[in-house]
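Under this note's numbering, the first residue of the sequence shown is numbered 1165, with each subsequent residue one higher.
Glycine included, each C-beta is placed from N, C-alpha and C at the ideal position.
Bear in mind that the values here come from a model prediction, so they are computed numbers and not experimental data.
Written below as structure tokens is the structure these notes are about.
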Amino acid sequence: MDEIQKAKRDGILNAVGFCIGLATLLIDVIPVIAIGAIIFCPYYAIKSLRKYRKLKELQLKSGPLGSASPQEYLHL
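Next up, the structure:
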């Protein structure tokens, strides 16, 4: 699995898992913390989307052989 697919998968899992798991667990127990979870859900979704977008741009810049330098990947 290449880095772009992995970033996309991680983004989806982070956003969905965090939102559903934490919010569902905490709505029944402590509603104040559930509101906090709902506030942080977009943060994790946006963070994952940015990483996916950066990797996608690097792939487009690097050409068909994937010749992007390893230093570019370290800045993600």
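Of the residues assessed, S1212 falls on the buried side of the cut-off, its CB having 16 or more other CB atoms within 10 angstroms. In the structure shown, the three-state DSSP call for D1192 is helix. By the CB criterion at 8 angstroms, Y1216 and A1179 fall outside the cutoff.
In this chain, the alpha helix (DSSP H) harbouring D1174 covers E1167 to G1181. Taking a C-beta distance under 8 angstroms as the contact criterion, I1168 and K1225 do not qualify as a contact pair.
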